[in-house]
Each structure stands twice: as C-alpha cells, then as structure tokens.
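Here the structure is laid out as structure tokens; the discussion comes afterwards.
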Amino acid sequence: MKIKDKFKHTAKDAGIYVVKFLKWLIFGLIIGAVCGGLGAVFAKSLSLVTAIRGDNGWLIWLLPVGGIVSVAIYKLCKTTDIGTNQVFESVREERRIPMALAPAIFSGTVLTHLFGGSAGREGAALQLGGSIAATMSKLFKLDTRSHHILTLSGMGAFFSALFGTPIGAAVFALEVVSVGQFCSAAIFPCVAASVTAFAVSTALGTHPEHFTVGVIPEFSLNTLWKIAVIAVLGALTSIVFCKIMHYTSHYFKKFLKNEYLRILVGSALIIGLTLLLGTNDYNGGGIEVIERIFNQNDVRYEAFVLKIIFTAITIGCGFKGGEIVPTIFIGATLGATAATVLGLPLGFGAATGIAALLCGVTNCPLATCFLCIELFGGEGFIFYTLSAVTSFILSGYSSLYTGQKLFFSKLNDEIIDRNAE
Numbered sequence: 087m088k089i090k091d092k093f094k095h096t097a098k099d100a101g102i103y104v105v106k107f108l109k110w111l112i113f114g115l116i117i118g119a120v121c122g123g124l125g126a127v128f129a130k131s132l133s134l135v136t137a138i139r140g141d142n143g144w145l146i147w148l149l150p151v152g153g154i155v156s157v158a159i160y161k162l163c164k165t166t167d168i169g170t171n172q173v174f175e176s177v178r179e180e181r182r183i184p185m186a187l188a189p190a191i192f193s194g195t196v197l198t199h200l201f202g203g204s205a206g207r208e209g210a211a212l213q214l215g216g217s218i219a220a221t222m223s224k225l226f227k228l229d230t231r232s233h234h235i236l237t238l239s240g241m242g243a244f245f246s247a248l249f250g251t252p253i254g255a256a257v258f259a260l261e262v263v264s265v266g267q268f269c270s271a272a273i274f275p276c277v278a279a280s281v282t283a284f285a286v287s288t289a290l291g292t293h294p295e296h297f298t299v300g301v302i303p304e305f306s307l308n309t310l311w312k313i314a315v316i317a318v319l320g321a322l323t324s325i326v327f328c329k330i331m332h333y334t335s336h337y338f339k340k341f342l343k344n345e346y347l348r349i350l351v352g353s354a355l356i357i358g359l360t361l362l363l364g365t366n367d368y369n370g371g372g373i374e375v376i377e378r379i380f381n382q383n384d385v386r387y388e389a390f391v392l393k394i395i396f397t398a399i400t401i402g403c404g405f406k407g408g409e410i411v412p413t414i415f416i417g418a419t420l421g422a423t424a425a426t427v428l429g430l431p432l433g434f435g436a437a438t439g440i441a442a443l444l445c446g447v448t449n450c451p452l453a454t455c456f457l458c459i460e461l462f463g464g465e466g467f468i469f470y471t472l473s474a475v476t477s478f479i480l481s482g483y484s485s486l487y488t489g490q491k492l493f494f495s496k497l498n499d500e501i502i503d504r505n506a507e
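When you line the sequence shown up against our numbering, it's residues 87 to 507, in that order.
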C-alpha cells in the first residue's frame with residue numbers, strides 16, 4: 087500500500103473514532119444529565135418518606151394499603167412482570183423496556199419506604215435507568231447495539247446519582263449483566279454518563295454515601311486470617327440470602343396466586359415481626375443502622391439474620407425496591423459481629439463484611455472493589471479486595487439476579503455461559 091493510501095486509510099479510521107467518541111460523549115452527557123436530575127428527585131423523595139416514617143411509627147399499619155396501591159399502579163402501567171432481570175435481558179436480547187416502568191418503579195419504591203417495607207433502591211435505579219435509556223433509544227431511533235450500550239449507561243448513571251459512587255456504578259453496570267464478559271465499547275459512555283449523573287445529582291443537593299471506617303489494622307498474618315474468616319462467613323451468608331430471596335418469592339407465588347392477597351399477607355408478616363421485635367431498625371433500607379456501626383460502634387448480633395428475613399418477605403410478596411442497601415446492612419452487621427469475636431475494630435469488620443456480601447450476591451468483584459474505595463476510602467483497599475475476591479469464588483453461582491449470565495467458570499479456564507442461581 088502506498089504512503090498516500092495508508093494516510094487516507096489512517097485518516098478514515100481516525101474519523102470513525104472521532105465520530106464515535108463524539109456520539110457517545112453526547113449521549114453520555116444527555117442520559118447522565120437526565121438520570122442525575124431524576125436520581126436527585128428520587129433520592130430526595132426516599133429521604134423525605136423515610137424521615138416521615140421515622141417520625142410517625144403508626145405508618146407501618148398502612149403497609150397493606152401501600153402494597154395494594156403499588157400492585158394497582160403496576161397493573162395500570164402494564165409492567166407487572168418486568169423487573170431488574172428483564173432489564174438485564176434487554177441488554178443481551180432484542181427487547182425494549184417500556185417507558186411506563188419508570189413511574190411504576192419510582193412510585194412503588196417510594197411507597198415501600200414510606201410504609202416500612204425492607205428494601206433498597208438499586209433495583210429502582212437499574213430499572214429507571216433502563217427505562218430512560220429505552221425511551222431515548224426510541225426517540226433517537228438507535229439500532230439494537232447502540233440501545234444495549236445506552237441501557238448500560240442509563241443503569242450506571244442512575245446508580246451513580248443515588249449512591250454517589252460514579253466509577254463503582256459504571257463498572258457495576260458493565261459487569262453485572264454478563265459476568266466475565268462485558269462490552270468494551272460501553273466503557274466510555276458508561277463512565278461519561280455516571281460521572282455526569284454524579285455531578286448533576288450532587289449539584290442538586292444529594293449527598294454521596296460515605297462511611298468512616300476508623301482504625302484499620304496493620305498488614306499482617308494475624309489480620310489476614312481474620313479477614314479470611316469474615317470473607318468465608320460473607321460467602322456463606324450471601325448464598326443463604328440469595329436462596330432465601332428466591333425461595334420466598336417462589337412460594338409466595340405458588341401458594342398465593344392473587345397479587346393483592348400475596349402483598350397483604352406479606353404486609354401482615356412485616357407488621358407482626360416489627361411489633362414483635364419492638365424496633366423499626368429492619369424497616370426501610372436501614373442506612374441509619376449501618377451508620378450507627380461506623381459512628382457509634384453499635385451492632386446487634388442477630389441483626390443480619392433479621393434483615394434477611396424482613397427483606398425476603400418484602401420483596402418476595404411483591405413490594406418494589408432493591409436488595410443492595412439490605413445487602414450492605416447484612417454485610418455490615420455480619421462483619422461487625424464477627425469483628426467483636428475476632429478482636430478487630432468494628433468499623434473495619436463492617437467494611438470487610440460489606441465487601442464480602444456485596445461481591446457474593448452480585449458476582450461483581452471489580453465493581454465491589456471500586457465501590458469500596460468510594461464508600462470507605464482507599465486506605466484499607468487491599469483488605470476489602472481480599473475479602474471480595476475470596477467471597478467471589480466461594481459463593482459459587484448464587485446471585486440476587488437470576489437474569490445475570492456467568493460466562494466463565496469460577497474454578498477453571500472454561501466458558502460455561504449459564505444463568506446465575
């Protein structure tokens with residue numbers, strides 16, 4: 087090839103890269119701004135209803151009403167059978183998420199938190215991001231492959247807006263749908279969208295999640311074996327949590343076919359357990375309980391078990407929300423409880439437990455590591471990483487998301503291409 091032809095070929099390639107860069111920069115900025123704005127509204131809405139519930143304990147008695155309204159909204163929007171797993175499938179297949187999912191999951195999650203269901207917000211973040219991306223794809227007439235990339239960007243952007251963890255959110259969106267295989271073309275738009283959403287949401291007054299770990303022990307064999315114990319406990323607990331979540335949902339649907347009756351029974355169980363325990367610690371996401379561990383070194387040893395039960399009933403009977411904040415709750419209380427026995431600082435044990443649980447239930451080691459840096463700072467990064475990757479391999483193929491694909495074996499260098507359990 088002549089020098090002139092090589093130059094033309096190189097110039098053509100450069101032009102393609104520049105066009106693609108500008109395309110995904112623009113789309114990243116747009117979807118990041120939209121998700122950042124809506125994410126700020128959503129975060130403030132959840133904070134508001136959580137504060138209202140905290141000041142009005144009697145609202146727990148209206149949980150059945152909130153459940154019925156939530157089911158009715160989903161039926162009205164015709165999104166009853168659409169959730170996070172379907173958003174994952176839309177990234178891999180020729181499937182579009184309906185725009186109506188956005189108001190349905192928004193209102194459903196707010197109702198869950200207002201009346202005391204035990205749920206988080208990342209499920210709503212992923213579904214809202216996916217719904218917004220689907221709407222934008224239709225508006226701009228994007229092809230299927232571009233739609234997939236935009237969906238990942240929307241998922242990461244909304245997650246970033248809610249948690250204030252832009253890099254962890256971007257990596258989570260890239261990693262969670264298909265573990266071991268992700269679209270490299272989506273890296274730039276995901277990061278651009280997540281950072282933009284973070285900037286917009288913080289400008290609108292949301293506060294990033296951050297926990298002060300406190301004392302971090304020195305690197306030694308004594309510290310490492312204790313971390314290994316917490317990681318193993320985290321892996322086992324993550325398996326139990328995932329199984330209970332799936333089985334509870336399965337048996338609710340099996341024995342209670344009617345959705346309204348199902349959510350009424352679940353509401354009654356949540357109310358009964360709340361009254362029996364005499365505390366509201368297990369209603370809502372539970373961020374205040376997590377903060378007590380880090381700020382006051384206060385933990386109840388049975389808390390992680392009770393949170394699993396409350397969350398399984400809440401999500402299993404049909405309330406809307408997510409499982410990541412409950413996962414952080416379970417990991418923090420489990421890790422802090424183990425730390426009291428092992429002689430580790432409670433905050434450090436909680437952070438290590440969060441890393442183990444989060445990685446165990448999502449199968450996302452890279453995202454977990456980035457999230458830990460953004461949540462706890464970088465000083466204990468090596469310990470959180472060791473806890474996360476240990477839990478990753480020991481937790482098998484369990485996952486909160488049955489729509490998640492695992493492309494590679496955790497034990498051998500082989501492709502398995504199977505759904506999580």
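All C-beta atoms, glycine included, are put in the ideal place defined by N, C-alpha and C. Computed from a predicted structure; not experimentally measured.
Self-check item: Own chain, CB closer than 6 Å to GLY433, minus 5 neighbours either side, in chain order
Solution: Sequence-distant Cβ neighbours of GLY433 in its own chain, meaning closer than 6 Å and more than five residues away, are VAL299, GLY300 and PHE380.
Quiz item: Where does LYS406 sit, in a helix, a strand or coil, going by DSSP?
Solution: Residue state, collapsed to three classes: coil.
Practice problem: Can you tell me which of ALA437, VAL351 and LEU355 puts its alpha carbon nearest to the alpha carbon of GLU377? | Solution: The option with the nearest alpha carbon to GLU377 is ALA437.
Quiz item: In chain order, what residues of the same chain lie with their CB nearer than 8 Å to the CB of ASN505, ignoring the 5 residues before and after it?
Solution: If we look at ASN505 and ignore the five residues flanking it on each side, its Cβ neighbours are THR488, GLY489, GLN490, LYS491 and LEU492.
Quiz prompt | Pairwise C-alpha distance: ALA219 and LEU236 | solution = Rounded to the nearest angstrom, the gap between the Cα atoms of LEU236 and ALA219 is 6 Å.
Practice problem: Output the boundary residues of the alpha helix (DSSP H) element that contains ARG231. | Solution: Segment 230–249, the alpha helix (DSSP H) holding ARG231.
Quiz item: Along the chain, where does the alpha helix (DSSP H) that runs through ARG504 open and close?
Solution: Careful: ARG504 lies outside any alpha helix (DSSP H), inside the beta strand (DSSP E) at 501–505.
Quiz item: Between VAL257 and GLY152, what straight-line distance do the alpha-carbon atoms span, to the nearest angstrom?
Solution: Approximately 34 Å, taken between the alpha carbons.
Quiz prompt | Cβ pair ALA419, GLU409 closer than 8 Å | solution = Looking at the sequence shown, residue 419 is not Ala but Thr. Contact annotation: THR419 and GLU409 have beta-carbon atoms that are not nearer than 8 Å.
Exercise. Give a yes or no on whether the C-beta atoms belonging to LYS164 and ALA186 are separated by under 8 Å.
Key: In this structure, ALA186 lies closer than 8 Å to LYS164 by Cβ.
Quiz prompt | Three CB pairs or more closer than 8 Å across the stretch 471–486 and the stretch 299–315 | solution = These segments touch.
Quiz prompt | the stretch 137–155 in contact with the stretch 164–176 per 3-pair CB rule at 8 Å | solution = Because the criterion of three Cβ pairs below 8 Å is not met, the stretch 137–155 and the stretch 164–176 do not touch.
Quiz item: Nearest to GLY466 by alpha carbon, out of TYR483, PHE297 and VAL375?
Solution: That would be PHE297, whose Cα lies nearest to the Cα of GLY466.
Quiz prompt | Continuous beta strand (DSSP E) stretch holding LYS491: start and end | solution = Run containing LYS491: 491–494, per the beta strand (DSSP E) assignment.
Self-check item: For VAL286, three-class secondary structure by DSSP
Solution: VAL286: helix per DSSP, three-state reduction.
Quiz item: What's the call for HIS234, buried or exposed, on a 16-neighbour Cβ count within 10 Å?
Solution: Burial call: buried.
Self-check item: Residue from GLU374, PRO252, GLY202 and THR454 whose Cα sits closest to the Cα of GLY358
Solution: Residue GLY202 holds the alpha-carbon nearest to the alpha-carbon of GLY358 among GLU374, PRO252, GLY202 and THR454.
Exercise. Return the chain-ordered list of same chain residues with a C-beta closer than 6 Å to the C-beta of ALA126, the five sequence neighbours on each side being excluded.
Key: Leaving aside the five residues that flank ALA126 on each side, the residues in its chain whose CB is nearer than 6 Å to its CB run, in chain order, SER287, LEU290 and THR292.
Quiz item: So what does DSSP say about SER481, is it helix, strand or coil?
Solution: Note: SER481 maps to coil in three-state DSSP.
Quiz item: Can you tell which of ALA453, THR448, VAL277 and ALA389 has its C-alpha closest to the C-alpha of ALA422?
Solution: Taking only the C-alpha atoms, the option nearest ALA422 is ALA389.
Quiz prompt | Continuous alpha helix (DSSP H) stretch holding CYS445: start and end | solution = Counting along the chain, the alpha helix (DSSP H) containing CYS445 begins and ends at 432–448.
Quiz item: In its own chain, which residues sit with a C-beta less than 8 Å from the C-beta of ARG348, not counting the 5 before and 5 after it?
Solution: Cβ neighbours of ARG348 beyond the five flanking positions: PHE338, LYS339, LEU342, CYS403 and GLY404.
Quiz item: So what does DSSP say about VAL391, is it helix, strand or coil?
Solution: In the structure shown, VAL391 sits in a helix (DSSP, three-state: H, G or I).
Exercise. Have a look at ALA354, ILE253, TYR103 and ILE116 and flag the residue whose alpha-carbon is nearest the alpha-carbon of LEU555.
Key: Within the shown structure, residues of the chain are numbered from 87 to 507, placing residue 555 beyond reach of any answer.
Self-check item: Environment of TRP110 [buried if 16+ CB atoms lie within 10 Å]
Solution: Looking at its Cβ environment, which holds 16 or more other Cβ atoms inside 10 Å, TRP110 is buried.
Quiz item: In angstroms, rounded to a whole number, what distance separates the CA positions of ALA210 and MET241?
Solution: Their Cα atoms are separated by approximately 10 Å.
Exercise. Alpha carbon to alpha carbon, how far is GLU304 from CYS269? Give it in angstroms, no decimals.
Key: Cα-Cα distance, rounded: 38 Å.
Quiz item: Using the C-alpha atoms, what's the distance from ILE146 back to CYS445?
Solution: When the Cα atoms are used, CYS445 and ILE146 turn out to be separated by approximately 32 Å.
Quiz item: Can the beta-carbon of LEU443 be found less than 8 Å from the beta-carbon of GLY254?
Solution: No, they are not a contact pair.
Practice problem: Return the CA-CA distance between LYS496 and ILE479, expressed in angstroms with no decimal places. | Solution: Within the model, the alpha-carbon separation for LYS496 versus ILE479 is close to 6 Å.
Quiz item: Among the residues of its own chain, which have a CB less than 6 Å from the CB of PHE284, if the five just before and after it don't count?
Solution: Hits under 6 Å: SER246 and PRO252.
Exercise. To the nearest angstrom, report how far apart PHE415 and ILE373 are at their CA atoms.
Key: Rounded to whole angstroms, PHE415 to ILE373 spans 7 Å at the Cα level.
Practice problem: Grab me the residues of SER280's own chain with a C-beta within less than 6 Å of its C-beta, minus the 5 sequence neighbours each way, in chain order. | Solution: Correct list, in chain order: GLY242, ALA243, SER246, PRO252, ALA255 and ALA256.
Quiz item: By the 10 Å Cβ neighbour count, where 16 or more other Cβ atoms means buried, how is VAL105 classified, buried or exposed?
Solution: With fewer than 16 other Cβ atoms within 10 Å, it is exposed.
Quiz item: Can you tell which of LYS224, LEU248, TRP144 and ALA137 has the C-alpha that lies nearest to the C-alpha of GLY123?
Solution: Selected option, being the one with the closest Cα: LEU248.
Quiz prompt | Range covered by the alpha helix (DSSP H) that runs through SER335 | solution = Segment 307–341, the alpha helix (DSSP H) holding SER335.
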